[in-house]
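Step one of this worksheet: look at the structure below.
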Amino acid sequence: MNYDQARWTHDANGESTADQYEPLLSEKNTEEVAVDSPLPDDLTRDSLELPDLSEPELARHYTRLSQMNYGIDSGPYPLGSCTMKYNPKFTEDVAALADAAVHPDRSDRSVQGTLALLDGLQDYLARIGGMDAVSLQPPAGAAGEYTGILVAKAFHEQNGEGEQRDEIIVPDSAHGTNFASAALAGYDVVELPSGDDGRVDLEALEAAASDRTALFMLTNPNTLGLFERDIGEIAGIVHDAGGLLYYDGANLNALLGQARPGDMGFDIMHYNVHKTFATPHGGGGPGAGPVGVTERLAEFLPAPRVRERDGGKEFELFDPENTVGKVHGFEGNWLVLVKTYAYIARLGDEGLRDASAKAVLNANYLASQIDYDIPFGPFHHEFVASAGDQDAADVAKRMLDYGVHPPTTKWPEIVPEALMTEPTEIEGKETLDQLADAFNSVASEDDETLESAPNRTTARRIDQTSAARNLRLSWHALEEEE
Amino acid sequence: MSFDVPDDRKYLESHEWVAVTDGTAKLGITDFAQDELGDVVFVELPGEGDDLTAGEEFGVVESIKAVSDLYSPVSGTVVGVNDALADQPELVNEDPFGDGWMVELELDDEGELDDLLSADEYGDQIA
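Following this line, the structure appears as structure tokens:
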């Protein structure tokens with residue numbers, strides 16, 4: 167497959183400017199419009215330049231911009247750890263229904279359908295995670311982590327051990343958010359080095375766990391895609407020390423319908439609904455990171471939660487007895503939760519189990535087809551290959567020339583020049599073969615070719631160093647340069 | 058590739074150096090460290106008057122590849138900070154043992170220097 171990304175440039179004042187891409191909408195066919203305003207003169211302008219475009223001209227503008235971009239509708243997106251799971255378009259339709267637009271201050275009685283959906287989602291998530299109670303309020307995965315830590319803190323405080331238990335243990339392969347959430351909640355972070363097989367080193371955990379341990383945070387399968395098969399012993403060590411076990415839901419998509427964190431001994435977990443149940447990544451927009459807990463911790467969850475009344479005929483909001491309070495407005499980001507519910511309901515038990523199985527199958531098939539070394543295994547839904555003598559960042563740039571998005575690079579650091587790859591369940595064999603071809607072509611290329619890449623994309627090699635040293639964080643910076 | 062390891066100073070396994078003249082010590086990171094990090098884009102340093110403890114973190118260096126903690130080879134009080142790094146973090150790459158220095162300390166105990174690696178020992182570590 168050959169690839170050349172579109173490159174729309176434009177002529178300004180008859181001069182061809184190759185570096186000038188499709189102009190801003192505000193620069194197109196502008197027409198000066200006089201404004202007559204009753205406001206005081208010093209608050210108004212006399213005239214305003216507005217673009218005057220027909221519908222097709224407007225549509226072409228956005229089509230051109232999208233052609234110069236790369237997204238899931240252009241090709242595969244195997245970013246490991248981020249899980250760029252495909253969001254089926256029907257979930258957008260569901261969230262756009264007029265019935266989904268509800269004011270959060272309406273009375274419980276007048277929004278029974280909304281509450282029924284939230285109650286149903288709490289149950290779905292509890293059942294999927296093997297948890298007893300769920301809060302839908304946290305607005306993102308990291309906010310879920312923080313909420314989970316607050317719950318653990320409230321539990322230890324109730325037992326009179328709040329001050330004594332001032333440490334949270336985190337494996338060195340964990341997502342950075344684990345360390346950040348623990349620090350933000352005021353805990354000392356104890357970093358646990360991985361064992362030689364890339365998993366939790368039981369002896370190291372034994373040595374780290376003590377009467378100061380509040381929580382041990384773990385992702386399973388872990389960041390290398392490896393299942394922590396000693397999870398029973400791990401739970402035993404943490405619980406014997408009086409600590410709680412936290413499940414980071416980052417990789418739950420590998421376990422759907424196959425295994426449940428609650429059955430493994432985890433006490434608290436968060437669900438990354440964007441990674442597991444097809445909602446958009448937060449990235450500045452609204453997200454959701456529901457938190458599930460076992461029975462003994464339910465009383466500490468954020469308020470409000472939803473419950474049935476009168477044998478399921480009605481639903482109501484309530485505050486858990488010893489709640490940690492609110493971590494977001496109202497019941498959380500409602501429309502994200504609607505998408506989550508729609509996805510789970512559409513797939514059902516069989517569909518979720520199948521999605522999980524295919525995610526693992528796809529990762530293993532792709533891994534079997536590529537020439538790069540994969541030091542750790544057997545893995546689940548993602549694998550971490552090593553670019554060896556090549557620079558992983560250059561490999562990523564060069565893969566763009568083959569019309570595919572590269573994997574996550576240079577992390578986790580336990581694998582040198584890491585290429586962290588997660589094709590997800592959505593891609594078929596033809597696309598996986600296209601990805602494998604891209605990996606293998608790049609693997610056989612010389613440094614010169616890699617360093618000059620990408621050559622077939624709209625924007626060529628970006629100067630990352632200048633971008634990081636000379637931060638321009640708002641459009642005001644551009645104006646000042648002019 | 059071979060890296061500079063000047064023999065007028067002492068080293069820490071985590072790739073920091075310390076050079077002492079007349080009771081004050083300058084700290085920085087080694088040529089090997091800057092090469093591993095790649096282009097440095099930000100350096101976070103303590104303020105004057107802060108106390109540093111040998112073996113503990115005193116700052117953070119950020120490159121386009123990674124964010125790393127800085128460890129102090131010795132204990133002492135900060136008497137000078139290389140303010141130039143705020144606008145020119147590239148000095149760490151260009152001249153790690155000279156203009157890329159990070160902080161200046163008044164030493165608590167010169168005896169601590171005996172616990173550090175010599176240029177030869179550090180050179181062997183990165184060979």
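In the order they appear, the protein sequences are chains A and B.
Each residue of the first sequence is one higher than the one before, starting from 167 at the first, in my numbering.
Each residue of the second sequence is one higher than the one before, starting from 58 at the first, in my numbering.
Glycine included, C-beta positions come from ideal geometry on N, C-alpha and C.
A quick note: this is a predicted structure, and the numbers were derived from the prediction, not measured.
Classification of A/Pro359 by the beta-carbon crowding that lies within 10 angstroms, buried from 16 upward: Residue mapping note: residue 359 of chain A aligns to position 193 of the first sequence, counting from 1. Around the beta carbon of A/Pro359, a 10 Å sphere encloses fewer than 16 other beta carbons of the protein chains shown; the residue is thus reported as exposed.
Taking just the CA atoms, how far does A/Met250 sit from A/His447? For this step, residue 447 of chain A is matched to residue 281 along the first sequence. For this step, residue 250 of chain A is matched to residue 84 along the first sequence. Those two C-alpha atoms are separated by around 8 angstroms.
Report the three-state DSSP secondary structure of A/Thr313 (helix, strand or coil). For this step, residue 313 of chain A is matched to residue 147 along the first sequence. Residue state for A/Thr313 is assigned as helix, using DSSP reduced to three classes.
Ordered along the chain, which non-local residues of its own chain (more than five positions away) have a Cβ less than 6 angstroms from that of A/Tyr509? Taking the first residue of the first sequence as 1, we reach residue 509 of chain A at position 343. Its chain contains Thr257, Phe443, Ala444 as the residues whose beta carbon lies nearer than 6 angstroms to that of A/Tyr509, once the 5 sequence neighbours on both sides are disregarded; these appear in chain order.
Kindly list the residues whose CB is nearer than 8 angstroms to the CB of A/Glu223, restricted to its own chain and excluding five residues on each side of it in sequence; keep chain order. Counting from one through the first sequence, the residue named residue 223 of chain A turns up at place 57. So the list reads Lys194, Asn195, once near-sequence residues are dropped.
Can you tell me the Cβ-Cβ gap for B/Pro103 and B/Leu94, rounded? I've got them flagged as a contact below 8 angstroms. As a working note, residue 103 of chain B is residue 46 in the second sequence. As a working note, residue 94 of chain B is residue 37 in the second sequence. Actually they are not in contact, since the Cβ atoms of B/Pro103 and B/Leu94 sit about 20 angstroms apart, beyond 8 angstroms.
Any beta carbon from chain A within less than 8 angstroms of B/Asp96's own beta carbon? Against the second sequence, residue 96 of chain B aligns to sequence position 39. At least one CB of chain A lies nearer than 8 angstroms to the CB of B/Asp96.
Buried or exposed by the 16-neighbour rule on C-beta atoms within 10 Å, applied to A/Tyr413: As a working note, residue 413 of chain A is residue 247 in the first sequence. Taking all protein chains shown into account, A/Tyr413 has 16 or more neighbouring C-beta atoms within 10 Å of its C-beta and is therefore buried.
Just the C-alpha distance for B/Ser125 and B/Leu142, rounded to the nearest angstrom, thanks. Your numbering for residue 125 of chain B matches position 68 in the second sequence. Your numbering for residue 142 of chain B matches position 85 in the second sequence. Straight-line Cα distance between these residues: approximately 16 angstroms.
Quick one: is A/Ile400 buried, meaning 16 or more other Cβ sit within 10 Å of its Cβ, or exposed? Counted from its first residue, the first sequence places residue 400 of chain A at position 234. By the neighbour-count criterion, in which a residue is buried when 16 or more other Cβ atoms sit within 10 angstroms of its Cβ, A/Ile400 is buried.
Can you name, in chain order, every residue of its own chain whose Cβ lies under 7 angstroms from the Cβ of A/Gly428, other than the five neighbours on each side? In the first sequence, the residue the question calls residue 428 of chain A occupies position 262. The residues are Gly295, Gly296, Met297, Thr460.
Using a Cβ-Cβ distance cut-off of 8 angstroms, determine whether A/Thr649 contacts chain B. What is shown of chain A runs 167 to 648, which leaves residue 649 of chain A out entirely.
Among A/His176, A/Leu209, A/Ser203, A/Ala172, which residue has its Cα nearest to the Cα of A/Gln233? Here residue 233 of chain A corresponds to residue number 67 of the first sequence, with the count starting at 1. Here the closest residue by C-alpha is A/Ala172.
Indicate whether B/Leu127 and B/Val136 have their beta-carbon atoms separated by less than 8 angstroms. Numbered from 1 along the second sequence, position 70 holds the residue referred to as residue 127 of chain B. Numbered from 1 along the second sequence, position 79 holds the residue referred to as residue 136 of chain B. Going by C-beta atoms, B/Leu127 is not nearer than 8 angstroms to B/Val136.
For A/Gly241 and B/Leu148, the rounded distance between their alpha carbons: Here residue 148 of chain B refers to the residue found at position 91 of the second sequence. Here residue 241 of chain A refers to the residue found at position 75 of the first sequence. Cα to Cα, the separation comes out at about 41 angstroms.
Interface residues of chain B facing A/Lys576 [CB-CB closer than 9 angstroms]: Along the first sequence, one-based indexing puts residue 576 of chain A at 410. Taking a Cβ-Cβ threshold of 9 angstroms, the residues of chain B close to A/Lys576 are Lys122, Ala123, in chain order.
Residues that A/Thr631 contacts on chain C, provided the C-beta gap is smaller than 7 angstroms: Absent here is chain C; the protein component of the structure consists of chains A and B.
Would A/Ile628 be called buried (16 or more neighbouring beta carbons within 10 Å of its own) or exposed? On the first sequence, residue 628 of chain A is found 462 positions in, with the first residue counted as 1. Burial check for A/Ile628: the Cβ neighbour count within 10 Å stays below 16, so the residue is exposed.
Output yes if chain B places a C-beta closer than 8 angstroms to the C-beta of A/Ala604; else output no. For the purposes of this step, residue 604 of chain A is identified with residue 438 of the first sequence, where counting begins at 1. Among the CB atoms of chain B, none fall inside 8 angstroms of the CB of A/Ala604.
For the region 194-281 of chain A, which segments carrying the beta strand (DSSP E) assignment without a break, of at least 3 residues, lie completely within its bounds, in sequence order? 196-200, 213-217, all fully within the region 194-281 of chain A.
Where A/Asp537 falls: helix, strand or coil (DSSP): As a first step, residue 537 of chain A is located in the first sequence; it is residue number 371 there, counting from the start. Reduced to three states, the DSSP call for A/Asp537 is coil.
Can you tell me where the alpha helix (DSSP H) with B/Tyr179 in it begins and where it stops? Your numbering for residue 179 of chain B matches position 122 in the second sequence. DSSP places B/Tyr179 in the uninterrupted alpha helix (DSSP H) bounded by 176-183.
Interface positions of the region 141-157 of chain B facing chain A (Cβ-Cβ less than 8 angstroms), listed along the chain: The residues in question are Pro146, Glu147.
Going by DSSP in three states, B/Trp74 sits in which element: helix, strand or coil? On the second sequence, position 17 is the one that residue 74 of chain B refers to. Reduced to three states, the DSSP call for B/Trp74 is strand.
According to the neighbour-count rule (16 or more other Cβ atoms, all chains shown, within 10 Å of its Cβ), is A/Pro206 buried or exposed? Locating residue 206 of chain A in the first sequence gives position 40, where the first residue counts as 1. Of the residues assessed, A/Pro206 falls on the exposed side of the cut-off, its CB having fewer than 16 other CB atoms within 10 angstroms.
The beta strand (DSSP E) that contains A/Asp429, what's its start and end? The sequence position of residue 429 of chain A within the first sequence is 263, counting from 1. It is not in any beta strand (DSSP E) - A/Asp429 instead sits in the alpha helix (DSSP H) that spans 427-430.
Determine, for A/Ala634, whether the minimum Cβ-Cβ distance to residues of chain B falls below 8 angstroms. The residue given as residue 634 of chain A occupies position 468 in the first sequence. Judged by the 8 angstroms Cβ criterion, A/Ala634 is in contact with chain B.
Per DSSP, the bridge partner or partners of A/Glu336: Position 170 of the first sequence, counted from the start, is the residue given in the question as residue 336 of chain A. For the record, residue 336 of chain A in the displayed sequence is Val; it is not Glu. Paired residues: A/Glu357.
Can you grab the Cα-Cα spacing for the pair B/Pro130 / A/Ala349, in whole Å? Residue mapping note: residue 130 of chain B aligns to position 73 of the second sequence, counting from 1. Residue mapping note: residue 349 of chain A aligns to position 183 of the first sequence, counting from 1. Looking at the two C-alpha atoms, the distance is approximately 25 angstroms.
On the three-pair Cβ rule with 8 angstroms, is the region 376-384 of chain A touching the region 533-548 of chain A? Because the criterion of three Cβ pairs below 8 angstroms is not met, the region 376-384 of chain A and the region 533-548 of chain A do not touch.
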